[in-house]
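Worksheet: the structure to be examined is printed underneath.
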Amino acid sequence: MVLRLRLQRWGAIHKPFYRVVAADSRARRDGNFIERIGTYDPMIDHDGRKKITFNFDRAKYWLSVGAQPSDTVARLLYFAGLYPKPPLRDVTISALKKKQPEAS
1 MVLRLRLQRW GAIHKPFYRV VAADSRARRD GNFIERIGTY DPMIDHDGRK
51 KITFNFDRAK YWLSVGAQPS DTVARLLYFA GLYPKPPLRD VTISALKKKQ
101 PEAS
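Next up, the structure:
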């Protein structure tokens, strides 16, 4: 059984709210989970910030027993100081050429 630290979506339409959970990798996104270890609210509050909360002890525990974080959770754990910087995604040259504006 491979454990993943991943996001479980809650909230309403156009108002997402996520729980950071430890779950079996074969379980559905919003299905059964083993433990909830934090929350992530991507909606910007009145201070212009996004809200992230973690139970640091439990997050460290799950990482120590071999749980693999998803890409998004790895980035959130990096911002919290619990995980090394995740590697950058591979970008192809053709994708870079499409993003550059053409000079006339």
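Quick note, in the UniProt record's numbering, the sequence shown goes up one by one and the last residue is 104.
Heads up, the beta-carbon is just placed ideally off N, CA and C, and yes, glycines get one too.
All figures in this text were calculated on a predicted structure; none of them were measured in a lab.
Based on Cα-Cα distance, which residue from the options lies nearest to residue i?
i      : options                           : result
Ala-23 : Ile-37, Gly-81, Tyr-83 and Arg-75 : Ile-37
Pro-42 : Thr-72, Ala-59 and Leu-63         : Thr-72
Leu-76 : Val-21, Val-2 and Gly-31          : Val-21
Thr-39 : Phe-54, Asp-30 and Leu-63         : Phe-54
Glu-35 : Pro-84, Asp-57, Gly-11 and Pro-86 : Asp-57
Lys-50 : Phe-79, Lys-85, Val-2 and Ala-12  : Phe-79
Arg-19 : His-46, Gln-68 and Phe-33         : Phe-33
Gly-31 : Pro-16, Pro-86, His-46 and Trp-10 : Trp-10
Phe-17 : Arg-26, Ala-27 and Asp-45         : Asp-45
Between which two residues does the beta strand (DSSP E) holding residue i run?
i      : result
Arg-49 : Run containing Arg-49: none; DSSP gives neither H nor E here.
Pull up the DSSP beta-bridge partners for residue i, would you.
i      : result
Trp-10 : Phe-17
Arg-36 : Val-21
Arg-4  : Ala-23 and Gln-68
Asp-57 : Looking at the DSSP assignment, Asp-57 forms no beta bridge with any residue, so it has no partner.
Asp-41 : Lys-51
Leaving out the 5 sequence neighbours to the left and right, which residues in its chain are closer than 8 Å to residue i when beta-carbon positions are compared?
i      : result
Ser-70 : Arg-4, Leu-5, Arg-6 and Leu-7
Pro-86 : Asp-71, Ala-74, Arg-75 and Tyr-78
If you follow the alpha helix (DSSP H) that residue i is part of, which residue opens it and which one closes it?
i      : result
Tyr-78 : 71-80
For residue i, which residues of its own chain have a beta-carbon under 6 Å away from its beta-carbon, when the five flanking residues on both sides are left out?
i      : result
Ala-59 : Ile-37 and Leu-82
Val-2  : Ser-25
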